[in-house]
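J.: In the UniProt record's numbering, the protein residues as written are 1 to 482.
Built from N, CA and C at the ideal position, the CB exists for glycine as well.
Nothing here was measured: the structure is a model prediction, and the numbers come from that model.
Just dropping this structure here.
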Ligand SMILES: Cc1cc2nc3c(=O)[nH]c(=O)nc-3n(C[C@H](O)[C@H](O)[C@H](O)COP(=O)(O)O)c2cc1C
């Protein structure tokens, strides 16, 4: 009997080997043809999820009780709090969170917009965490459980950790599944604070040479899909993302927290969060980081679309609290959307609101599945130089329309009526400008509304171009009659 070591997933019958389960195909936006509820289910690296919402690594995935709660509430998947071989080396401090509120005076009633933490990875013994993963997979065999791991710069340590979290990925002929109880692994290359002296977390993610080497070690050992979690605290996030994918990772997650100092207490003159009078830079998350996360995800998605076409996946993270936040990430090309701080603020039930809001968005656009709009906004990013070029072209085109005919020799027989109209529009614009300046006249638009000159400009901005031209012609008529 032959014994094979393959990357297997307990949640899917099909992928017995570590095969990229999905595409990064060219963007296409398809409208729904059938009736019924929009379908939120996604398939990523061979893993099927009921919706794209995944608990991001952190306190919401820190033990059996909370992960079970996440499954019960309906999260598409759970990424557990990061574990390492020796939890005794992980020593947390309190306070370790600091929150920024929308109200400048910090009123506790105002919305939390930013969240800083100086929390380390899990301080719970690895064996305890592994037993809890096993228990969860036993109770929820068809749900997606992803382990998050981090180790020192040491090949043997990484291999031991992977072996232990996967337990065994051995599949025997004829494919009787014996092992792995985690569906995938996310590698924490991105924790911005704590343990850089041990070359852990962002210390690896910020150094492309180290990253390539460590990714190599991980990918020669792992038998389930591997996602590399990126730090945003780097000039060009596409570099580590590219290296991770080239080194064999099936996916990229982005972003982890952004290096931050929450503030200085102006009474005590000490930085916050303050531990025995001192502090250390932490990681920023929540609503405030969402625009930065969008930019980083967009950069990675563009790079993946250009350079990888082999089913590598992208998991977007950062400041998600609404279905619309998630829709934005998916429009940039994300397959899944992770939420960490949002759960700490709103609880596990948040997933129901996220799903309902995402479905509302899909209904508005007549999208029947996530694939219908994934990546649809990506082609509309370009360089600033290109924006200048496009705007110059557009202005020239508008000028050309206004200009009408330059000389009598340009009149044609076939286009005579249109040529005449183009001249009318031209004169109407001039008249419009004169009257705006005079500031005294009212205009009749379509013979119905009376519009003051100062309102006319905003009206013009709102109506479609075709009706603007019609309106201008009518303004001309009104003025001529007077
Ligand atoms: C308190 C706290 C602890 C976190 N711990 C981890 C961790 O152990 N491993 C990890 O990969 N990311 C960790 N993160 C980062 C989150 O998974 C996520 O990448 C980041 O917070 C941005 O997403 P968010 O705005 O939804 O929180 C932590 C975040 C917070 C707020």
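1) Could you have a look at residue 234 and say whether DSSP puts it in helix, strand or coil?
2) Do residue 44 and residue 76 have their beta-carbon atoms positioned less than 7 Å apart in this structure?
3) Locate the beta strand (DSSP E) running through residue 259, then write down its first and last residues.
4) Quick one: any contact between the stretch 113-124 and the stretch 151-168, if contact means 3 or more CB pairs under 8 Å?
5) What are the boundary residues of the alpha helix (DSSP H) that residue 82 is part of?
6) Can you give me the start and stop residues for the alpha helix (DSSP H) that residue 206 sits inside?
7) Check for me: the alpha helix (DSSP H) holding residue 336 runs from which residue to which?
8) Taking 7 Å as the threshold (C-beta atoms), are residue 315 and residue 495 in contact?
9) To the nearest angstrom, how far is the alpha carbon of residue 290 from that of residue 408?
10) Would you say residue 305 touches ligand 3, meaning its beta carbon is less than 6 Å from a heavy atom?
11) Quick one: does the C-beta of residue 131 sit closer than 6 Å to a heavy atom of ligand 1?
12) Quick check on this structure: which residue in 202, 204, 221 and 188 has the alpha carbon closest to the alpha carbon of residue 227?
13) Using the three-state DSSP reduction, which class does residue 129 fall into: helix, strand or coil?
14) Assuming residue 245 contacts residue 312 (C-beta within less than 8 Å), just tell me the rounded distance between them.
15) Of all the options 388, 399 and 124, which has the alpha carbon lying nearest to the alpha carbon of residue 90?
16) How would you write the range of the alpha helix (DSSP H) that residue 297 sits in, first residue to last?
17) Which residue's Cα is closest to the Cα of residue 329: 364, 376 and 360?
18) Let me know the secondary structure DSSP gives residue 63 once reduced to three states.
19) How big is the Cα-Cα spacing for residue 345 and residue 333?
20) Compare the beta carbon distance of residue 84 and residue 118 with 7 Å and say whether it is the shorter of the two.
21) If you check the beta carbons only, do residue 70 and residue 348 fall under 7 Å apart?
22) The alpha helix (DSSP H) that contains residue 362, what's its start and end?
23) State the beta-bridge partners of residue 39 as determined by DSSP.
24) Just checking, does the stretch 234-254 make contact with the stretch 303-312 on the three C-beta pairs under 8 Å criterion?
25) Quick one: grab the DSSP three-state call for residue 440.
26) Considering only heavy atoms of ligand 1, does any lie closer than 6 Å to the CB of residue 112?
27) Secondary structure at residue 283, three-state DSSP: helix, strand or coil?
28) Whole angstroms are fine: how far does the CA of residue 397 sit from the CA of residue 233?
29) Out of 356, 78, 380 and 412, which has the shortest C-alpha to C-alpha gap to residue 185?
30) So residue 164 is in the alpha helix (DSSP H); what residue range does that whole segment cover?
31) Tell me whether residue 139 is buried or exposed, calling it buried when 16 or more other Cβ atoms sit within 10 Å of its Cβ.
32) Considering only heavy atoms of ligand 1, does any lie closer than 6 Å to the CB of residue 368?
33) What does DSSP give as the partner residue(s) for residue 97 in the beta ladder?
34) Under 7 Å, do residue 99 and residue 110 count as touching if we go by C-beta distance?
35) Going by DSSP, what residues sit across from residue 49 in a beta bridge?
36) Residue 203 and residue 190 - do their beta-carbons sit closer together than 7 Å?
T.: A quick look at the data gives this:
1) Start at 1 with the first residue of the chain shown, and residue 234 comes out as number 234. Note: residue 234 maps to coil in three-state DSSP.
2) Numbered from its first residue, the chain shown carries residue 76 at position 76. Numbered from its first residue, the chain shown carries residue 44 at position 44. Not closer than 7 Å, so no.
3) Residue mapping note: residue 259 aligns to position 259 of the chain shown, counting from 1. Residue 259 -> beta strand (DSSP E) spans 258-260.
4) no
5) Along the chain shown, one-based indexing puts residue 82 at 82. Careful: residue 82 lies outside any alpha helix (DSSP H) and carries neither H nor E.
6) Stepping through the chain shown from its first residue, residue 206 is reached at position 206. First-last for residue 206: undefined, no H or E at that position.
7) The residue given as residue 336 occupies position 336 in the chain shown. Element bounds for residue 336: not the alpha helix (DSSP H) but the beta strand (DSSP E), 336-339.
8) Look at the range of the chain in this structure, 1 to 482, and you will see that residue 495 is not part of it.
9) Looking up residue 290 in the chain shown gives position 290. Looking up residue 408 in the chain shown gives position 408. Approximately 57 Å between the Cα atoms of the pair.
10) Of the ligands this structure carries, namely ligand 1, none is ligand 3.
11) Residue mapping note: residue 131 aligns to position 131 of the chain shown, counting from 1. Answer for residue 131: no, Cβ out of range of ligand 1.
12) What you label residue 227 is simply residue 227 of the chain shown in a count that begins at 1. Comparing Cα positions, the closest option is 188.
13) In the chain shown, residue 129 corresponds to position 129, counting from 1. It is helical.
14) What you label residue 245 is simply residue 245 of the chain shown in a count that begins at 1. What you label residue 312 is simply residue 312 of the chain shown in a count that begins at 1. So it is a contact: roughly 5 Å between Cβ atoms.
15) Here residue 90 corresponds to residue number 90 of the chain shown, with the count starting at 1. Residue 124 is the option with its Cα nearest to residue 90.
16) Here residue 297 corresponds to residue number 297 of the chain shown, with the count starting at 1. Run containing residue 297: 290-307, per the alpha helix (DSSP H) assignment.
17) As a first step, residue 329 must be located in the chain shown, where it is residue number 329. Closest by alpha carbon: 376.
18) The residue labelled residue 63 in the question sits at position 63 within the chain shown. Correct three-state label for residue 63: coil.
19) Reading the chain shown from its first residue, position 345 is the one you call residue 345. Reading the chain shown from its first residue, position 333 is the one you call residue 333. Cα to Cα, residue 345 sits roughly 26 Å from residue 333.
20) Taking the chain shown and counting its residues from 1, the one referred to as residue 84 is at position 84. Taking the chain shown and counting its residues from 1, the one referred to as residue 118 is at position 118. Not closer than 7 Å, so no.
21) As a position in the chain shown, residue 70 is number 70, starting the count at 1. As a position in the chain shown, residue 348 is number 348, starting the count at 1. Yes, the Cβ-Cβ distance between residue 70 and residue 348 is below 7 Å.
22) As a first step, residue 362 must be located in the chain shown, where it is residue number 362. Residues 350-365.
23) Looking up residue 39 in the chain shown gives position 39. Beta-bridge pairing links residue 39 to 369.
24) yes
25) Locating residue 440 in the chain shown gives position 440, where the first residue counts as 1. Reliability fails at residue 440, whose pLDDT of 39 lies under 50, so the model's placement of it is uncertain and the value that follows must be treated cautiously. Residue 440 falls in the coil class under three-state DSSP.
26) To locate residue 112, count along the chain shown from 1; it is residue 112. No, the beta carbon of residue 112 sits no closer than 6 Å to any heavy atom of ligand 1.
27) Translated into the one-based positions of the chain shown, residue 283 becomes position 283. The answer is strand: DSSP assigns residue 283 an E or B state.
28) The residue given as residue 233 occupies position 233 in the chain shown. The residue given as residue 397 occupies position 397 in the chain shown. Approximately 42 Å between the Cα atoms of the pair.
29) Position 185 of the chain shown holds residue 185. It is 78.
30) The count along the chain shown starts at 1 and reaches residue 164 at position 164. Unbroken alpha helix (DSSP H) run through residue 164: 155-166.
31) Mapped onto the chain shown, residue 139 falls at position 139. With fewer than 16 Cβ atoms within 10 Å of its Cβ, residue 139 is classed as exposed.
32) Within the chain shown, residue 368 is the residue found at index 368, counting from 1. Result no, Cβ not under 6 Å from ligand 1.
33) Here residue 97 refers to the residue found at position 97 of the chain shown. Per DSSP, 117.
34) In the chain shown, residue 99 corresponds to position 99, counting from 1. In the chain shown, residue 110 corresponds to position 110, counting from 1. No. Outside cutoff.
35) Taking the first residue of the chain shown as position 1, residue 49 is located at position 49. Answer is 42.
36) To locate residue 190, count along the chain shown from 1; it is residue 190. To locate residue 203, count along the chain shown from 1; it is residue 203. Contact: no.
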